[in-house]
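Residue numbers (the numbering used here), protein chains in the order written: chain A, 1 to 115; chain B, 1 to 246.
Glycine included, C-beta positions come from ideal geometry on N, C-alpha and C.
From a predicted model like this one, the values you see are computed outputs, not experimental measurements.
Heads up: the structure comes next, in structure tokens.
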Amino acid sequence: MAREGDRGASGGAEDDPPIFNAENLQSNIKSIHYSRTFLSIIGGVIAGIWGFTGLTGFIFYFLVMAAASFGLAAKAKFSICTYFDSWNRIFLDGIFGGLMSFVLFWTYPLKTTFW
Amino acid sequence: MAEDLVLDTAIRDWVLVPLSVVMVLIGVLRYFVSKLMRSHQAPDLKVVKEGQVILRARNLRAAAGFIPAKSFRSRKTYFTNEENGLLHVPKGQAQNAQAQMFSDPNLAMDMMKKNLSMIIPQTLTFAWVNFFFSGFVAAKIPFPLTQRFRGMLQNGIDLSTVDVSYVSSRSWYFLNLFGLRGLFSLILGEENAMDDTQRMMQMSGFGFDPSRSLSAEKDGIDIIQHEWALPKMEKRAEDALKKLLK
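Rendered as structure tokens:
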């Protein structure tokens, strides 16, 4: 997830109207999307193996997503405006898309039935 | 109330896993087939020209602060002038372009092909699932649902006392359909996932695109207020240097 240095999306010359380098912004958003998808799949498998059911599983999913958001914010050194155009991108984007993958991979290893 | 049915591992081996594997493989196959079948249209000169005009207009909007007011105004009139401005499309002509695009046989064939390549594998797989894998409990979904979902999720199972969490393979198919979208975007790289909804939106908007975006750009340029940033640059340079020296 190399998003340092050359991946800064907003130009440095203006601070009143922020100019965004569209290509870099796009690539940053894509890397968030990939990492969230991957984490939701892995999280689903883990939730299934540990045997979470019902509400516990969903809470686990949102915990994983929150940890992912925190990790992404930390990687962007907490200065969101150099890499993205709004805070919502990091925190909310792709959460509900990942939910379906999470549920799918959660159902697979579910302990109470097959093992 | 929730009696724990123990499902046979044979179900897992021979139903769930093959179904998922088949769906992944069909997705990959469809991706490659659509890549092969994409007929390469020679780009239309008029469309390319309009695209470039739109790009120029957008750059003008974004960088308006860097050019003096007079040049900005002259560029603005060049674009939005009523008689011969580039972005001004008279109403009659706009409608014509759209109608022509839809009746153009090449474009219509392309859209048909894309549509079919979406729909046929889904239909076939669904029919296959229904034929082979109906009539037994396939999986247990981990969260409880209300009784109203019973008809949807437990389609082949005729017992009415079984917990709603035990679903038939048809619902496993749908679960796979939605859940594998994320996986496809990881494997096939860059949003080439099963974005059938996105693609349909894209296709329905294609005929409109040129004329509507032109008028949108025109409105954007009309609205913008010119604020020349250069006088402030000296002050800004001074601030930046001060910050460095601190």
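Give me the Cα-Cα distance between residue i and residue j, rounded to the nearest whole angstrom.
i	j	result
A/Thr107	B/Ser134	19 Å
B/Ile141	A/Ile42	17 Å
B/Val24	B/Leu244	55 Å
A/Glu23	B/Asn59	15 Å
A/Tyr61	A/Gly44	8 Å
B/Pro18	B/Trp172	12 Å
A/Thr37	B/Ser34	24 Å
B/Gly27	B/Thr125	11 Å
B/His226	A/Gly97	41 Å
A/Leu110	B/Val167	14 Å
B/Phe132	A/Asp85	50 Å
B/Arg61	B/Asn130	55 Å
B/Arg56	B/Leu16	53 Å
A/Thr56	B/Thr123	35 Å
B/Ser159	A/Gly71	As written in the sequence, residue 159 of chain B is Leu, which differs from the Ser given in the question. If you take the alpha carbons of B/Leu159 and A/Gly71, they lie about 47 Å apart.
B/Lys76	B/Ala69	10 Å
B/Asp219	B/Pro231	28 Å
A/Ala73	A/Asn88	11 Å
B/Asn115	B/Ile54	29 Å
B/Leu45	B/Gln52	11 Å
A/Leu25	B/Ala240	25 Å
B/Thr29	B/Arg236	Strictly speaking, residue 29 of chain B in this sequence is Leu, with Thr absent from that position. Going from the Cα of B/Leu29 to the Cα of B/Arg236 covers about 56 Å.
A/Phe58	B/Ser71	57 Å
Of all the options the options, which has the alpha carbon lying nearest to the alpha carbon of residue i?
i	options	result
A/Ser27	A/Val103, A/Tyr83, A/Leu99 and A/Phe105	A/Tyr83
A/Ile29	A/Leu104, A/Phe91 and A/Phe105	A/Phe91
B/Arg181	A/Phe105, A/Pro109 and A/Leu110	A/Phe105
A/Ile32	B/Asp239, B/Gly220 and B/Ser185	B/Ser185
B/Trp128	B/Phe136, B/Ala240, B/Ser169 and B/Gly65	B/Ser169
A/Leu99	B/Gly179, B/Ile221 and B/Trp228	B/Gly179
B/Ala229	B/Leu55, B/Arg61 and B/Phe66	B/Phe66
B/Ala216	B/Ala64, B/Thr80 and B/Gln122	B/Thr80
A/Ala67	A/Thr53, A/Trp50 and A/Ser35	A/Ser35
A/Val64	A/Leu39, A/Gly94, A/Leu72 and A/Phe96	A/Leu39
B/Ala63	B/Ser213, B/Ile221 and B/Asn115	B/Ile221
B/Phe174	B/Arg12, B/Asp239, B/Ala10 and B/Ser20	B/Ser20
B/Met118	B/Leu177, B/Lys218 and B/Tyr166	B/Leu177
Take the Cβ of residue i as the centre, count every other Cβ of all protein chains shown within 10 Å, and call the residue buried at 16 or more, exposed below.
i	result
B/Lys246	exposed
B/Ile120	exposed
B/Leu153	buried
B/Glu234	exposed
B/Ile223	exposed
B/Trp14	exposed
B/Ala138	buried
A/Gly54	exposed
A/Ser79	exposed
B/Leu214	buried
A/Phe52	buried
A/Ser101	buried
A/Ala117	With chain A covering only 1 through 115, there is no way to say anything about residue 117 of chain A.
B/Glu238	exposed
B/Leu183	buried
Leaving aside the five residues before and after residue i along the sequence, list all residues of the same chain whose C-beta is less than 8 Å from its C-beta, in chain order.
i	result
B/Val164	Pro144, Leu145, Thr146, Gln147, Phe149, Arg150, Leu153 and Gln154
B/Lys242	none
A/Val103	Gly44
B/Arg73	His226
Cβ of residue i within 7 Å of any heavy atom in the ligand SAM?
i	result
B/Lys232	Ligands are entirely absent from the displayed structure, and the ligand SAM is therefore not among its contents.
Using a Cβ-Cβ cut-off of 6 Å (strictly less than) and excluding sequence neighbours within five positions of residue i, which residues of its own chain qualify?
i	result
A/Ala76	Tyr83
A/Ile95	Met65
B/Ala22	Reading off the sequence, residue 22 of chain B comes out as Val, not Ala. Correct list: empty, nothing qualifies.
Below 7 Å CB to CB, which residues in the same chain sit around residue i once its five sequence neighbours on both sides are set aside?
i	result
B/Ile11	Ala138
State yes or no: is the beta carbon of residue i nearer than 8 Å to at least one beta carbon in chain C?
i	result
A/Val103	The chain inventory of the structure shown lacks chain C, comprising the protein chains A and B.
Would you list, in sequence order, the uninterrupted alpha helix (DSSP H) runs of no fewer than 4 residues that lie entirely inside the region 106-168 of chain B? 150-153
Report the start-end ranges of each alpha helix (DSSP H) in the region 49-110 of chain A that is 4 residues or longer and not cut off at the edges. Qualifying alpha helix (DSSP H) stretches, in chain order: 54-75, 87-92 and 95-107.
Write down every uninterrupted run of the alpha helix (DSSP H) in the region 6-73 of chain B whose length is 4 residues or greater and which is fully enclosed by it, in chain order. Qualifying alpha helix (DSSP H) stretches, in chain order: 17-37 and 45-62.
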